[in-house]
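So the sequence lines, in the order shown, correspond to chains A and B.
By the working numbering, the letter at position 16 of the first sequence is numbered 16, and the numbering carries on one by one without gaps.
Just remember that the working numbering sits 1000 ahead of the position in the second sequence, which is counted from 1.
From the three backbone atoms N, C-alpha and C, an ideal C-beta is built for every residue, glycine too.
Note sheet for the following structure.
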Amino acid sequence: MRPISSALDTTARGVPLPDRPPRHLPGEAGIWLFICGDLLVFSLFFVTFLYYRGQELALFRAARLHLDQGLGALNTLFMLSSSWFVASGVRAVRGGAARMAPYCFALAWACGCGFGVVKFFEYRAKIRAGITLNTNDFYMYYYMFTGIHFMHVLIGMGVLAFLTRYTWRGACDARKIRNIESGASFWHVVDLLWIVLFALLYLIP
Amino acid sequence: MSLWRLVRARTSVVWLLLVAATALSWKLSHGLGLAEPRDAGCAVLVVAFIKVRLVIMDFMEIRGAPLAMRLAGETWVLLMAAALIALYLGALQ
C-alpha cells in the first residue's frame, strides 16, 4: 500500500501536484499581538456605541444627520486605496520588483494625507457649527472614536514614511520583508477600523 | 515584475470589490430597495463586515496564514457582525 503522503502528492493518474505554499503569517508575532489587542479594544468601542445608541435612539438618529456622509465615503475610498497601495508594495518587495515598493508606500502615505485633510475640514465645519465633544452622547462617541482612529492614522503614516525610505535601496532579505509586512499589517488594521466606524457612525439609519 | 504585473493581482480585484461594496452600503443607507430602516441598517452592517473580512483575508493575508489565525480571524468577523447586528436590532424596539 502506498504511504499516505505520496497518495496525496499526485493526481489519480500519478502526475505530481505542485507544492502548495506553506502557510505564512506576514510580519513579526509582536505586531500581531498588538493588532489583536487593538481590535479587542475597538470591538469594545463598537459594542459600547451601539448599546448606548439603543438607549437614546432618537437622539443618535437625529445627530447622525449632521454628519457629512460624502466626506465619510471619500475617506473610506482613501483608506481602501491606501491599503491597496500597501499590499502592492509588499508584493513588489516579494516579487523582486523592490524598486516599485517605495512608490507604493509613498502613494499610500499620500492617501493618508488625503484622509487627514478631509478630517480637518470635517472637524472644522462641525466645530464652527457649534457641534463639539460635549454637544451630546453621539458626538462624544464620534469625536472620541474618530479621534483615536486618527491617531492610528498618524502613527501609520509615520510607518509608511519609514517603509518608503526602508525600501528605497532595493533588494530585501527575508528579515527586511518581515519588517515590511509588519508595518503593512498595522496599516491594514487602520483601514479595517475605519470601515466599521464609517458604517456605525455615518451609515446605519 | 512590470507595473501591469503588479496591478494584475488578486489584491486589485479585492480593491474593486471593496469600492463596489462601499457604493452599495452608501445606497443602502440612502434607502436602496429596503424601505424599513432596520433592514437597511442590517444590510449596511453585513456589507461592512464582508468588507472587513476581505481586508483581513486578502490584504492582511490571513487566508494563507496558519489555520489557528485563520480560524481566529473568521470567528472574530462572525462574532462581531452578529453582536453588532443584534445590538442594532435590539435598539429598534
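CB contact check: residue i to chain A, cutoff 9 Å
i: W1004/B; result: no
i: L1087/B; result: yes
i: L1071/B; result: no
i: L1078/B; result: no
Within-9 Å CB hit, residue i to chain B
i: M151/A; result: no
i: R2/A; result: Residue placement at R2/A is flagged as unreliable, the pLDDT there being 47, under the threshold of 50; the coordinate-derived value follows with that caveat. Not closer than 9 Å to any Cβ of chain B, the Cβ of R2/A fails to qualify, so no.
i: C36/A; result: yes
i: R23/A; result: yes
i: R53/A; result: yes
i: M157/A; result: no
i: P26/A; result: yes
i: S182/A; result: no
i: W109/A; result: no
i: W32/A; result: yes
i: L39/A; result: yes
Residues that residue i contacts on chain A, provided the C-beta gap is smaller than 8 Å
i: T1011/B; result: W84, A87, S88, R91
Within chain A, partners of residue i - CB distance below 7 Å
i: G1041/B; result: I204, P205
i: A1083/B; result: V47
With 16 other Cβ atoms within 10 Å as the buried cut-off, status of residue i
i: D1058/B; result: buried
i: C111/A; result: buried
i: P22/A; result: exposed
i: F138/A; result: buried
i: V93/A; result: buried
i: S1002/B; result: exposed
i: G27/A; result: buried
i: M144/A; result: exposed
Contacts that residue i makes with chain B (C-beta to C-beta distance below 7 Å)
i: A97/A; result: M1001, L1006
Partners in chain B for residue i, counting only beta-carbon separations shorter than 8 Å
i: L50/A; result: L1084, L1087, Y1088, A1091
Taking only beta carbons into account, state which residues of the region 187-200 of chain A come closer than 7 Å to chain B, listed in chain order. H188, D191, L192, I195, V196, A199
Taking Cβ-Cβ distances below 9 Å as the criterion, which residues of the region 1044-1068 of chain B are in contact with chain A? V1044, L1045, V1047, A1048, F1049, K1051, V1052, V1055, I1056, D1058, F1059, M1060, E1061, I1062, G1064, A1065, P1066, L1067
Can you give me, in chain order, the residues of the region 1013-1042 of chain B that have a beta carbon less than 7 Å from any beta carbon in chain A? Along the region 1013-1042 of chain B, going in chain order, the ones with a CB nearer than 7 Å to a CB of chain A are W1015, L1018, V1019, T1022, S1025, W1026, S1029, P1037, A1040, G1041.
Enumerate, from N- to C-terminal direction, the unbroken beta strand (DSSP E) stretches of 3 or more residues contained entirely within the region 6-88 of chain A. none
With 8 Å as the C-beta to C-beta threshold (strictly closer), list the residues of the region 60-86 of chain A near chain B in chain order. Q69, A73, T76, L77, L80, S81, S83, W84, V86
Just by C-beta distance, which residues in the region 115-149 of chain A are closer than 8 Å to chain B? none
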